[in-house]
Every structure is written in structure tokens, then in C-alpha cells.
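Protein chains in written order, with the numbering used here: chain A, 7 to 225; chain B, 139 to 1092.
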């Protein structure tokens, strides 16, 4: 006879007890694991939301810092922000970095859009969040577009600038090469003259030696 | 530089515009970000927290449930199986259950479940070693905690088997002082200096258990069905301080027990000092090949779920509580169900044929529940004709009878088997069997005389059968059945007598012994068997027991005292050894070969059949039987009733009053066919049969037949009014049996004291049955008128031709309480002679002397012999052919009957009332139980019964 797990009757032997106990032990172990996992999940998800909120608040701070600062002038000239190599100057790079933070908001939005996958939310809360995220995304997309455009224009500017610099450099190089060539030719001419002189001297020595020999042998 | 480059200037200008757009669009994101942050902070975060909390709470609930389930399931582990003995409250445990220790708990595993902030749950599960299910022998390392370890094992086993554990705690060094509680254990072997002797006893016990319970199908005692096992003991033998304190012989015996014991429920545990060598270079591993360390993990049955610990009984409170509990506990009664032994479906009953053998499974042994069988007849050329049973009080003898009878009754139809069930003097075992269709005779509280008459009846039946076989040219019952039962199917007859010593009581002539020897030696061939039981095989009063026992092959023994077993002659030594093992109700040893040692006896347990089940089976058997149930019930403790008179019943099977030839035929018919068994029935004598009661045998009915011969009168004497009045009233009521009302006359004088309970009984018979055909007088003055007319009739008949006189109706003069009729008292006359003062007395004396030859019969009733002698002298008394005496003094008995028999009638008590009928012609007293008057209701029931019978003939 197998005693029911749910019953109240006593077991007749330990084998019966074992049969009934082992499934409960498994459930107990699962419950233990589950509760620990839930505790870990809870703290990690709390941190996740807080992180997102912090990130978003930081974005606002960045945007306000960037665009409300006196440094951000819509009339500034790129010609002012060229370094010695003709690349973007520090101001431009800083601005770009700052603008990148706005882009990161988009990543946050994507993360938040998937929040419901990791954190169970009530549907109305999730809907509201999605609406907010949708509006945010729309704005971010627009900002992104302008930022990209700005970057593109800067790239165009600097690439043109580089091109001009390159042209200038090529021209200078060619001039340099020409001068060098002239110098080399001059040097080669001098070297050739020197070689001839050397050969003449050697020939005269040889003639003298031969003449001496001959003279000796002749006499 | 390059300020003149158009392209550069153009892109620079475009950038300026875009920068403005970037600013605007970036600032435009602030609002939705703020909204999102607000939503996250205000709604998402709380909602997420809520949801996670809910999930967490659900997990906590799950965890709590899991923890509770684990605790609950551990709580459902019976106390003796729990991990720690010390943690059990033994004072509340009832020790009512046996937990067979196939394995024994010796420790525990501790499993910890962590439930986070909710805390931890620690569960202990018991850890076992294979015990009686293995062939192991166990040891543990000798040390300071040896006694604790031994105590733990002892009390674990004692708690698991409160009634079935036995302990042998060998402590040679301290002479048992290590285990001071031993004497309080319910079952133990006390070990003295002679350890070897105790170990030899254990080995003997192992052999007994092997013979009793084990076979190729059931190799271990632990596998024997609990219903059959009963309270057989599982033994733990602990050898402390092994081997240093043991001699070689003891070690060898221990080794033998260790190797053979586990199968027989004997387990050896050694408190082993492995550094000490065994004597004479003996090797431990050779002597104890199956020795295992108790606490080594590989020898245990681990769960592998937690950390392991050993169990230790350290508290003396635990030990005391368990010992107290064991002393309080009552052994559990284990019973093998009857439904395990026989087929319970009535449709499948009566399938067996009794031609060669009848057999009845009554119980089981080992793992089988129906292999204990009693059989009668011939099997494999071995005869087993009769059986005997001996069992002390409380051994289950009655239940064995019930199991035996019902097992047979379920297998064989009433056409194949019939029973004679005889209860001893005080017995009522068979009182529910009259409804059994197989029961031919059921006799309760049977008197010795009746018991002997049953044997006589069976002997007569045997002779009748043998005569029939002889006439048919057949040798015996089997050949008769094989020949197709030419004279009708004969059933085998099974006589069962409980307390069969009754047969030999008051048996000065040795008739009972002789009858028993005859049946035992001769009846097998006639298909008649006997199964008798008592508290012993040999019973007092039995002469020539060996002559009887030599023909009784089936011996059945149940629990008996040791002395009785020792003195038994009916079983050999092996059988006796098994009988000693019958310590419980229901255990039985069966031998079909006279208990001889040559063939093994069967031993096991008889199935238990309770009252309700028995009644149900009887009801079902009764319903299954289509024929009539003609069981004769003889109740030794009750007075008979006339409506149960089988001779009367046979008589009234005729649809009309019998003619003379039919009367002759009926009278000549033997009494076992319901006839009168009287070969002297001549109608010309106008015989009148009047039944008085029931004789002390199966078929016999006490009766008087009054004929027209000399002195055919009747005298009833005794102080039992209910018997005298009963007999008289029923005699009056029976007169219409013999003749139509025109053919007899009755004159009744009832001198019962007016207002007493006896007054009116005779008149009731006259009213109810005779329709006042009789003259009824309460005073002699009134009666004398009728007496005078009878005298005139008498004188007339004296002068009539004999044949003419014989045609005249019979006249019955019935006087009750005749001692109160003064006119009947003789007084001294003037000559000093005793003479009647009244004519009435003279007339009665005249009629006594000569009346019966002329059809005038006197029936007188006196309360004592002295009154009789006042009315009649010795010669007159001799003139009553029929004298019926009730209990009286020895002197009266001798004076009345010339024997002292009437003084012993009520030797066993006032009830039932016995009477003695002396027919002067045969001068042989017949003891019988008279019809008595006790209650009006019963009297009138019987009168009505008779009236109905007469109405049938009318």
C-alpha cells in the first residue's frame, strides 16, 4: 500500500516515507532557490530602474548644461575650432561628446521599452511608460537627426579643410621634390666630375707605372 | 586660412543653422524625459516593487508551505522510525503497532533548507542499515560509548516491535550489569555464566523457526505474512566486549547464529575490539564473513541529502519511558482473515467431490494463507480417517471448529457431506449451526448418555451402509460412489465432538470407549469420520486410549502448557517442539500421520472467522441449499417441545388418519426413519401411543403405548409439577392421535391447588384440543360419578364377548395430584388391614387390577412416593406397567423403582428436568427429558400445533 502524501496516516516504513518525502524535498529545495532568486531579483531590478532614472535625469542635466551654457553659441565659427593639423578643435570634440549623451538617451529608451520583459508591470503602467517613451523617442529621433546632420556638416567642413590642407601639402611636397631633384642633379654632376678626375689620375698613374716599367725593362 | 574657400564657408554656415536646430531639438527632449522620469519614479517603480513583492510573497508562501509539508510528513513518521529516539515523547506513544525491522534506523541525515529572510528549516531524516532483510552481522568499535550504542539499538528495536522483539544481551565481563534494564524488557533471555548454553538455545530456536515458518517461497521470517507471523519474536543478540571475554565455543556459536540467524529473525551485533585476537588463531573474517560496521556509510542506506549523524539514546528518561510503555502495551492480536483461506463467493461453493477425500483449508503458514489443511479419507494411498484436537483454553479451539466446519461446508454440498455436531456438557459452540444445510444433528450441552447415543447412531449408520455395500457386492464407500451410487447418493458423515470427554462420563460399562474404538477402527470404509477435541488428547474415563488413537491419524494441537507438551504421547519430539512454539491464539500444528517424526508436521495459523462473518456464511449456505433442512437440534439445557417430536411429524406426513396396516407399518419403522421402532403393534389391542418427552439420543422419543393388556396403566411420581403436569396435559392432548373422539373416553380429575399456576392446565388441554370431549372434575365427588359409570362400563365389558369388547372405546382415567385425593388413602379397617374407606378407592383399585384388559387405563400422578404407598401397596404399584419417576430421594427411588437411578436424575442441577421411564415388562429404565409446562404461551402454541395436525386428518 502506498500512503498518500497529503494524508494523515502514519507511514509503515521508511521506504514509504522516502517515497513521500523526496518529492517534498524537491519542492522545498525549489522553494528555497526561488525565494533566494526573488530576493536577488528584487534588489537587481530596483537598481535597474534607479539606474535608468538616474541616467535620464543626468541627460536632462547634460542637455541643460550644454545648451543653456554661455559657451554654446549658435554663431560660433568652425574656423575658430581648427587645431594645428586641421582637425576638430577641443571645443568641437567636447560638444560632440556632449551631444552623444543625448544619443544615449535613445539606448535608455530602448532599454526601458523592454523593461516589461524583465520586470513585470501592470499593463496600464506599462502603457503609460510606453507612451512616455514613445514621445521621448520621437524627440530623441529628431534631436538625433539634427545631431547627425550637424556632425555631417562638420565632417564635410573638416574634410574639405583637410582636402585643402592636403592639396597645400602636395603642392609643397612637389616643390620640395623639384628642389631636391635639382640639388641631386647638381650633386650628381659634381660627383661625376670627381670620378673622371679620379680615373684620369689613376690612368696617369698607370701610364707612369707602365712607362716606368717599360723604361726599366727597356733599359 | 582658406577663408576664401567657398565650400568651407558654405558648410560652416550650414552648420550654424543646424546647431540652432540641435539646440532646439535637444531642449525639446527634456520635457518627455522628465515625463518618463516622473512615470518611472511615480508609477513604474512602485508598480514594479509591488509586483516583485507579490512574487516574493508568493515565493515565501511556497517556502512556508514546503517547510510545513516537510514538517508534517516528518510528523507522520511513526515514533519508532523517527531519527532520534530522545526527541520522541514516549509517554504518549501507545506501543500498539509492530514495525517490521527489515531495516533498522541507526542515525539521521540533517537537511537544511534556506528560505532567505524567512529563515531556515532543518529536517532530520532517519538513516537505516539493512537488518533482518539482510544476511549481515554488525559490529561497532568498542569504546566508551559502547553501552550507549547498544542501548540505542535495543530501544529502537523494542519500540519498533513492542511485542515481537526479544533481546539477549551478553555481558560476560560485567555479568549483565551494563544492561540493568534487561529484566524490564518484555522478552529477553537472561544470560548467566553459561553463555554457550544460551547461544545453543538460540540455535534451537532458529531451527524451530525454520521448520515453522520458512520454506523455499518464504526464506526469511521478516517476509512471513504478519497475519501468520503473529507475535513471533525477532531477536537481537548483543555480544559486549567481544572477543576478549568469550571462549572459543561461544565464539563459534555466535558465528553460527550470525550466519544462520538473520533469516530466522536473529541478528548478532558485536561490540568489537578489533585489536584483540580471537583465541587459537581464529580469523574474524572467516568466522563472521558478513560482518559489517554499523556506522560506515557504505553499509548504511543513505539519503545523500544532508550531513549524517548517528542516533544516541543518552537520556535515561527515554529508556524509562520506553520500558514503561512496553509494560503498558497490550499485544496486538493478529488474525488471518477467513476470506484469505476459502472462497467467499457462494456461486463457487460446493464444487468439490467427496468421493475419495474431504479436505478443508483452515489457515496458512509462511507466506501462504491457505496451506494448513485438514483432510479425511485417502490421499496418495495414505488414509486419514479421523482426527483429534487438543488445545488449552483460549488457544482458539472454537474458532478452529468454525473454520473447519465452514470450510468444508463451502467446498462440499450437503449431498456430499453432512455433520453431526456435538457440543460437550457445557458447550454451545455449535448453537448457530442448526441452519447449516449440512448439519444432520446439532447437539448443545450434550449429556454423556446422548453423546454416546450419537456414537451408537453413527455405528448403526455404519452397519447399515456396510450391509448395503455388501448387498450390492461393493466393498466400501468409494467403490459405492464409483459405481454411481446405485441406492442414492450417500454423503460422507463428519462427527465433530467438542469436549469429547463427555462421552466417557458416567460410563461404568465402558460403552463410550467401545463405541469410539469401533468407529475409529471401522467407519472409514463407510465414509464416516470423526473429529474430536478437548483440552488434552487423552481424557479421563477413556479406556484403551491407544486402541482408539492408533486409528486417529490426524492430530491437531494448539497452544498447550509446557508440562502438557512434555507429557504428550500423541506427537513425536519434532511435533512437540513445534507445539511449544504455539504461544498465541490461533497457532496450530497439524500432523496427518499420527504425529510421527518421520513426516514433518504442518504449522501455521488458523484463519479467524468472526461471528458476523459466520452468520453471513450460514445464511448464504442456507440460501444456496434448495432442499429442506432437516437438522435435528438437541439442546441439552432445554426441555423438549412436542412440536419438535420427529415421530409425531412423520406420523402426520400422512394426509389422513392411518388405517390399521399403516399404523403397523409406522410402528415397525425404525426410529431413525421417524417410526416407533415397535414390532409389537397389534391393532386388535387398540394400542394408544402417548409421547412423554425426548429420549437421550438423536431419534428416540420417550413414549408409552397403552394396550388392552393387563396392568397397562401409568404412574407418574415426583415433585416437579411442571414435568408431571406437562406430561399429563400433553398426554391428554395426544389422545386424538390414536382414535377418533367416538373411540375413546377421558375422565380427568385435577386436584391441583386452586389459584396455583398449575390449576387449569389440564382443563386447557381438554378445552383447546379435545373440545371438552373429556369429563373434567376438580373434586373426587364429581369424579366419582364418572368413576361409577366407568365401573358400570367395566362390569358390562366383563360380560361381553371379547371381540365385541375390543370394539368398545378406550377409557382413560387421569388423576392429577392424586396425593390430594383423600378417598384414595388406605386406612386400617377393623381387621387391622389397610383398606379404602371410600368406594371410589375400591373402584380405582379394581380398575387398576383388571381395567386395562377391558380398555380402561389409569394415569395417576403423585408428588411423592410416600403418597403413592398410602394409596397403593407394593403389589398395587407393580400393577402399573409404566412408571415415570422424576427426581426423588434415594430411598424413594429404591422403594418405587428398586433402583437408585431416580435419585441421580438432577445430579448436574435442577435444569433441564430429567425423568425415568420404567416399563415393568422390560424392566429397563429409559432416561428422557419430559415435556414440561412452563408458560401458558408455549403450552397453547403446542396445543394449537396439535389441533392443526388433527384438523388435517379431520
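Just so you know, even glycine gets a beta-carbon here, dropped at the ideal spot from N, CA and C.
- Within a 10 Å sphere around the beta-carbon of residue 847 of chain B sit fewer than 16 other beta-carbons, which makes this residue exposed.
- In terms of CA proximity to residue 462 of chain B, B:300 leads the group B:523, B:480, B:300, B:358.
- The alpha-carbon of residue 1005 of chain B is positioned some 15 Å away from that of residue 862 of chain B.
- If one requires a minimum length of 4 residues, the alpha helix (DSSP H) runs lying completely within the segment 639-715 of chain B are 649-660, 683-687, 700-705, in chain order.
- Using a Cβ-Cβ distance cut-off of 8 Å, the segment 603-620 of chain B and the segment 637-648 of chain B are not in contact, since fewer than three pairs of beta carbons, one from each stretch, lie closer than that value.
- Among the residues of chain B, none has a CB under 8 Å from the CB of residue 119 of chain A; the nearest is roughly 11 Å distant.
- Within chain A, the residues whose beta carbon sits less than 8 Å from that of residue 156 of chain B are 152, 155, 156, 159, listed in sequence order.
- Residue 143 of chain B has a beta carbon lying within less than 8 Å of a beta carbon in chain A.
- When DSSP states are grouped into helix, strand and coil, residue 192 of chain B belongs to the helix group.
- Note that the C-beta distance between residue 544 of chain B and residue 755 of chain B is below 8 Å.
- Annotation for residue 168 of chain A: the continuous alpha helix (DSSP H) segment containing it runs 129-224.
- By the C-beta criterion, the segment 343-360 of chain B is judged not to be in contact with the segment 474-493 of chain B, since fewer than 3 inter-stretch pairs fall below 8 Å.
- If you ignore the 5 residues before and after residue 868 of chain B, its C-beta comes within less than 6 Å of the C-beta of 780, 1069, all in its own chain and listed in chain order.
- The beta carbon of residue 50 of chain A sits no closer than 8 Å to any beta carbon of chain B.
- No Cβ of chain B is located within less than 8 Å of the beta carbon of residue 95 of chain A.
- Against chain A, a Cβ distance below 7 Å from residue 175 of chain B picks out 59, 62, 63.
- The beta carbon of residue 1054 of chain B sits closer than 6 Å to the beta carbons of 1023, 1039, 1040, 1063, 1065 from its chain, once the five residues preceding and following it are set aside; these are given in chain order.
- Non-local beta-carbon contacts of residue 23 of chain A in its own chain, meaning distances under 8 Å to residues more than five positions away in sequence, involve 17 in chain order.
- In the DSSP assignment, residue 29 of chain A falls within the alpha helix (DSSP H) that extends over 20-74.
- Taken atom to atom, the span from the alpha-carbon of residue 87 of chain A to that of residue 150 of chain A is near 22 Å.
- By the criterion of a C-beta distance shorter than 8 Å, residue 1060 of chain B is surrounded by no residue of its chain, once the five residues flanking it on both sides are discounted.
- Taking 3 residues as the shortest admissible run, the segment 401-440 of chain B contains the following complete beta strand (DSSP E) segments, listed from N- to C-terminal end: 404-410, 429-431.
- Out of B:171, B:776, B:655, B:500, the CA that lies nearest to the CA of residue 477 of chain B is found in B:500.
- The Cβ-Cβ distance between residue 425 of chain B and residue 383 of chain B does not fall below 8 Å.
- If you look at residue 267 of chain B, you'll find it in the beta strand (DSSP E) that goes 258-268.
- A residue is called buried when at least 16 other Cβ atoms come within 10 angstroms of its Cβ; residue 700 of chain B does not meet this threshold and is exposed.
- In chain order, 570 place their CB closer than 8 Å to the CB of residue 753 of chain B, counting only its own chain and leaving out the 5 sequence neighbours on each side.
- Inclusion of residue 557 of chain B and residue 577 of chain B in the CB contact set at 8 Å is warranted, their separation being smaller than that value.
- As DSSP reads the structure, residue 725 of chain B sits in a beta bridge with B:743.
- For residue 241 of chain B, there is no enclosing alpha helix (DSSP H); the residue is part of the beta strand (DSSP E) that begins and ends at 241-252.
- Pairing residue 961 of chain B with residue 929 of chain B, the inter-Cα distance amounts to about 16 Å.
- Look at the segment 402-420 of chain B: it has no residue with a C-beta under 9 Å from a C-beta of chain A.
- Within the segment 176-188 of chain B, the residues whose Cβ lies closer than 9 Å to some Cβ of chain A are 176, 177, 178, 179, 181, 182, 183, 184, 185, 186, 187, 188, listed in chain order.
- Within the DSSP secondary-structure output, residue 1064 of chain B pairs in a beta bridge with B:1055.
- Within a 10 Å sphere around the beta-carbon of residue 615 of chain B sit 16 or more other beta-carbons, which makes this residue buried.
- Where residue 500 of chain B is concerned, there is no enclosing alpha helix (DSSP H), although the beta strand (DSSP E) around it starts and stops at 495-503.
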